[in-house]
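Same order as they appear, the protein sequences are chains A and B. FYI, the numbering for the first sequence is 1 to 348, going by the numbering used here. FYI, the numbering for the second sequence is 349 to 696, going by the numbering used here. To keep things clear, I will list the structure first and then write my remarks on it.
2 protein chains.
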Amino acid sequence: MAQTKRQGERTVFFETPPRVISSASIVGDMEGKGPLAAAYDLILEDDTWGESSWEKAECKMFVTAVKLALSKLGWSTDSLQCLLGGDLLNQIVVANYAARELGIPFLGLYSACSTMAESLLIGSMLIDGCFVERAACAASSHFSTAERQYRYPLEMGTTNPPTAQRTVTGVGAVILSNEQAASGYGSEIFTKIHITCGTMGKVVDMGITDASNMGAAMAPAACNTIKTHLADTHRAADYYDAIVTGDLGRFGSEMLIELCLDEGIKISKNHIDCGNLVFGPNQDVDCGGSGCGCSAVVLSSHLLKLLETETWSKILFMATGALMSPQASLQGETIPGIAHAVVLERDN
Amino acid sequence: MAQTKRQGERTVFFETPPRVISSASIVGDMEGKGPLAAAYDLILEDDTWGESSWEKAECKMFVTAVKLALSKLGWSTDSLQCLLGGDLLNQIVVANYAARELGIPFLGLYSACSTMAESLLIGSMLIDGCFVERAACAASSHFSTAERQYRYPLEMGTTNPPTAQRTVTGVGAVILSNEQAASGYGSEIFTKIHITCGTMGKVVDMGITDASNMGAAMAPAACNTIKTHLADTHRAADYYDAIVTGDLGRFGSEMLIELCLDEGIKISKNHIDCGNLVFGPNQDVDCGGSGCGCSAVVLSSHLLKLLETETWSKILFMATGALMSPQASLQGETIPGIAHAVVLERDN
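Encoded structure:
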């Protein structure tokens with residue numbers, strides 16, 4: 001029998017670490033005015049992007065991001081054997097319709113805002129397991145589609161409590177491959193990044209019921225995955241240049257740092273949160289960004305570039321998901337969280 | 349570099365075929381009066397099962413089915429490294445809350461009624477890739493939760509068109525392992541069944557817009573996967589004792605047989621559909637059963653027993669999903685389908 005690739009409770013190590021060879025990010029107007037503006041591939045001026053509904057616009061963004069990531073390699077959709085991904089909408093309808101248009105064999109995933117990490121984790125296992133050679137991993141969210149599905153119709157003009165985060169309008173797509181991309185495709189592709197291991201998330205619930213305080217709902221799951229990951233790998237938190245969470249926002253990040261300290265893990269020096277990076281302090285976004293697209297666009301633009309340009313050599317990328325359902329909330333349920341993680345490293 | 353396990357366009361072959369060692373099925377009252385009654389583990393008398401909502405009842409069924417499948421092996425949830433699955437509700441809330449209660453690392457999936465096959469396909473790749481040793485794959489649906497989410501509140505008493513199918517109230521759970529179960533656990537476990545290969549689905553859309561005609565929406569995707577699978581494996585349709593679809597129902601099954609004939613593939617002799625098996629002709633269900641739970645319960649009870657007792661030696665199990673979203677339908681979208689497939693074989 002072949003040897004297990006699992007180490008500890010729930011961390012898997014890749015024998016031939018899958019390579020991250022390309023990515024693309026598309027964001028909305030407001031994200032395009034944020035601090036990471038220069039890193040995005042495409043910034044929309046209008047969040048309907050010429051479509052008749054926000055949902056159709058989000059789908060167009062999803063399709064375009066995957067094609068854009070492929071075009072940097074000079075590839076078409078035929079180059080991929082698998083698309084993995086999802087979004088926040090009911091029936092992951094954005095990803096489904098995008099998969100229809102792209103025509104790539106499709107594995108639909110749902111783990112709320114942890115979807116980008118889930119897709120990278122499963123995608124890496126499929127590549128390292130020799131089932132596919134090349135896959136696209138993508139996740140999307142859209143402020144206007146999410147707001148009307150999860151909270152209130154935008155037309156109501158509801159105000160937000162101070163713990164509220166803003167759903168990022170954005171799609172991030174990453175191309176994974178079992179081998180290096182051939183050189184000669186210009187400076188936009190990646191030639192030095194691979195995924196070495198990953199840790200599967202568990203559903204964790206600390207009894208949060210406030211749908212405007214997602215950070216608090218997700219922080220315990222993030223803490224659980226960090227603790228397990230470090231124990232499984234026998235690493236200390238400072239092994240990583242950055243421990244990146246998806247969208248805990250300001251309050252959720254503070255909570256995570258406290259929760260980790262309670263476990264004897266000090267992450268205050270190297271923890272960053274995509275939700276805190278995506279909007280600037282002058283953008284009037286109470287507690288930062290959120291949504292599947294938040295960690296997806298920050299990874300696909302900013303984070304991968306910092307790895308490729310040798311600012312960093314290794315990061316723990318852990319997208320965090322609040323498994324929130326309006327109907328379950330109405331039935332008195334609390335909001336559990338989940339956090340899947342992958343380790344991205346630069347070649348030595 | 350290790351050798352690819354993919355053959356043809358999108359079929360993967362397992363080097364050490366994962367074993368199906370246990371399963372459990374729980375169904376509602378009406379399913380319990382159907383032709384497969386004797387094969388189910390548990391038949392509910394009341395579809396709320398003592399809970400305060402149908403959604404909570406569906407979640408309890410999901411948790412109980414996984415535990416029941418484990419208990420046949422004398423195992424606890426700690427024996428598993430991964431739970432893969434989903435359901436039909438928004439945010440796959442049933443599976444999320446079930447994963448919270450079970451405490452097993454969780455990969456949430458959504459591919460509508462194709463979820464059972466998607467979970468078996470990914471679960472098999474994870475085991476054959478040596479990432480996990482044992483995993484549970486499960487999918488659920490519930491007539492009352494699905495009806496109010498996808499169609500009309502039950503209290504309205506809406507009548508159905510003749511093409512309508514009835515969402516199955518049921519959960520099926522299957523335990524996959526990298527090795528045989530030790531003998532001595534009685535007659536309820538499986539000692540002869542393994543998954544040899546699988547074919548990833550593509551999203552296919554033939555322009556169906558009628559949410560009461562899911563069979564027609566899914567048949568083209570099923571045909572696409574059958575055609576690709578047979579081409580990839582260089583097999584003829586009669587290689588299998590049965591080509592099993594998930595929930596095409598009566599009209600959808602007729603359509604699939606026609607569509608396959610157009611491609612030169614004759615499946616009329618060995619095609620069966622879980623949606624046609626689950627209810628009897630006297631049960632006043634127009635076109636058969638549907639839902640994630642339909643193929644999940646029929647597989648977990650009837651189909652696996654026919655393999656284990658040597659009635660069959662190999663089947664193509666292909667759950668079919670209609671990627672239907674009420675909101676997308678309101679925006680004028682058509683309903684695409686997807687069909688993932690795995691091959692289940694009995695040891696020689």
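No residue lacks a Cβ here, since even glycine has one placed at the ideal position from N, Cα and C. Just so we're clear, the structure is a prediction, and the values are computed from it rather than from any experiment.
Supposed contact pair residue j and residue i - C-beta distance, whole angstroms, cut 8 Å
i: residue 279(A); j: residue 166(A); result: 7 Å
i: residue 54(A); j: residue 47(A); result: 7 Å
i: residue 115(A); j: residue 74(A); result: Actually they are not in contact, since the Cβ atoms of residue 115(A) and residue 74(A) sit about 28 Å apart, beyond 8 Å.
i: residue 681(B); j: residue 517(B); result: Contact flag wrong, Cβ pair sits at about 28 Å.
i: residue 138(A); j: residue 171(A); result: 6 Å
i: residue 548(B); j: residue 469(B); result: 7 Å
i: residue 677(B); j: residue 557(B); result: 7 Å
Short Cβ contact (7 Å threshold) for residue i with residue j
i: residue 406(B); j: residue 488(B); result: yes
i: residue 689(B); j: residue 577(B); result: yes
i: residue 194(A); j: residue 19(A); result: yes
i: residue 646(B); j: residue 625(B); result: yes
i: residue 181(A); j: residue 324(A); result: no
i: residue 525(B); j: residue 369(B); result: yes
i: residue 39(A); j: residue 173(A); result: no
i: residue 458(B); j: residue 110(A); result: yes
i: residue 103(A); j: residue 92(A); result: no
i: residue 545(B); j: residue 571(B); result: no
i: residue 339(A); j: residue 225(A); result: yes
i: residue 101(A); j: residue 192(A); result: no
i: residue 589(B); j: residue 653(B); result: no
i: residue 274(A); j: residue 295(A); result: yes
i: residue 44(A); j: residue 34(A); result: no
i: residue 465(B); j: residue 413(B); result: no
Proximal residues to residue i (C-beta, below 6 Å), its chain only, five neighbours per side dropped
i: residue 285(A); result: 166 and 279
i: residue 106(A); result: 83 and 99
i: residue 17(A); result: 194, 195 and 196
i: residue 42(A); result: 26
i: residue 695(B); result: 540
i: residue 490(B); result: 402, 406 and 517
i: residue 768(B); result: Nothing in the structure corresponds to residue 768(B), since chain B is present only between 349 and 696.
Residue(s) in a DSSP beta bridge with residue i
i: residue 302(A); result: In the DSSP output, where bridge partners are listed per residue, residue 302(A) has none listed.
i: residue 687(B); result: 668(B)
i: residue 173(A); result: 24(A) and 138(A)
i: residue 273(A); result: 245(A)
i: residue 290(A); result: 167(A)
i: residue 76(A); result: According to DSSP, residue 76(A) bridges with nothing at all.
i: residue 19(A); result: 177(A) and 194(A)
i: residue 459(B); result: 461(B)
i: residue 33(A); result: Residue 33(A) is not bridged to any residue.
i: residue 433(B); result: 456(B) and 486(B)
i: residue 359(B); result: 355(B) and 547(B)
i: residue 440(B); result: Looking at the DSSP assignment, residue 440(B) forms no beta bridge with any residue, so it has no partner.
i: residue 662(B); result: 693(B)
i: residue 552(B); result: 685(B)
i: residue 43(A); result: 27(A)
Neighbourhood of residue i by C-beta distance below 7 Å, restricted to the same chain and skipping five residues each side
i: residue 670(B); result: 460, 461, 562, 565, 566, 683 and 685
i: residue 149(A); result: 89 and 90
i: residue 399(B); result: 405 and 408
i: residue 603(B); result: 563, 564 and 567
i: residue 36(A); result: 277, 278, 298, 301 and 302
i: residue 598(B); result: 624, 635 and 636
i: residue 95(A); result: 62, 85, 86, 87 and 108
i: residue 508(B); result: 560 and 634
i: residue 257(A); result: 267, 268 and 271
C-beta neighbour in chain C for residue i, strict 7 Å
i: residue 116(A); result: Looking for chain C here will not work: the only protein chains present are A and B.
Residues of its chain near residue i, where Cβ-Cβ distance is below 8 Å and the 5 sequence neighbours each way are ignored
i: residue 353(B); result: 360, 361, 362, 363 and 476
i: residue 357(B); result: 576, 579 and 580
i: residue 272(A); result: 242, 243, 244 and 245
i: residue 618(B); result: 585, 586, 588, 589, 590 and 591
Proximity test, residue i beta-carbon vs the ligand SAH heavy atom, cut-off 6 Å
i: residue 99(A); result: Absence of the ligand SAH is noted for the structure shown, with no ligands found whatsoever.
Checklist entry - Between the region 288-296 of chain A and the region 184-203 of chain A, do at least 3 Cβ pairs fall closer than 8 Å? => result No: fewer than three Cβ pairs fall under 8 Å.
Checklist entry - So, do the region 303-320 of chain A and the region 245-255 of chain A have three or more beta carbon pairs nearer to each other than 8 Å? => result Output reads yes: the region 245-255 of chain A touches the region 303-320 of chain A.
Item to check | Cβ contact check for the region 478-487 of chain B and the region 428-438 of chain B: 3 or more pairs under 8 Å | outcome: For the pair of segments examined, the region 478-487 of chain B was found to touch the region 428-438 of chain B: the number of CB pairs separated by less than 8 Å reaches three.
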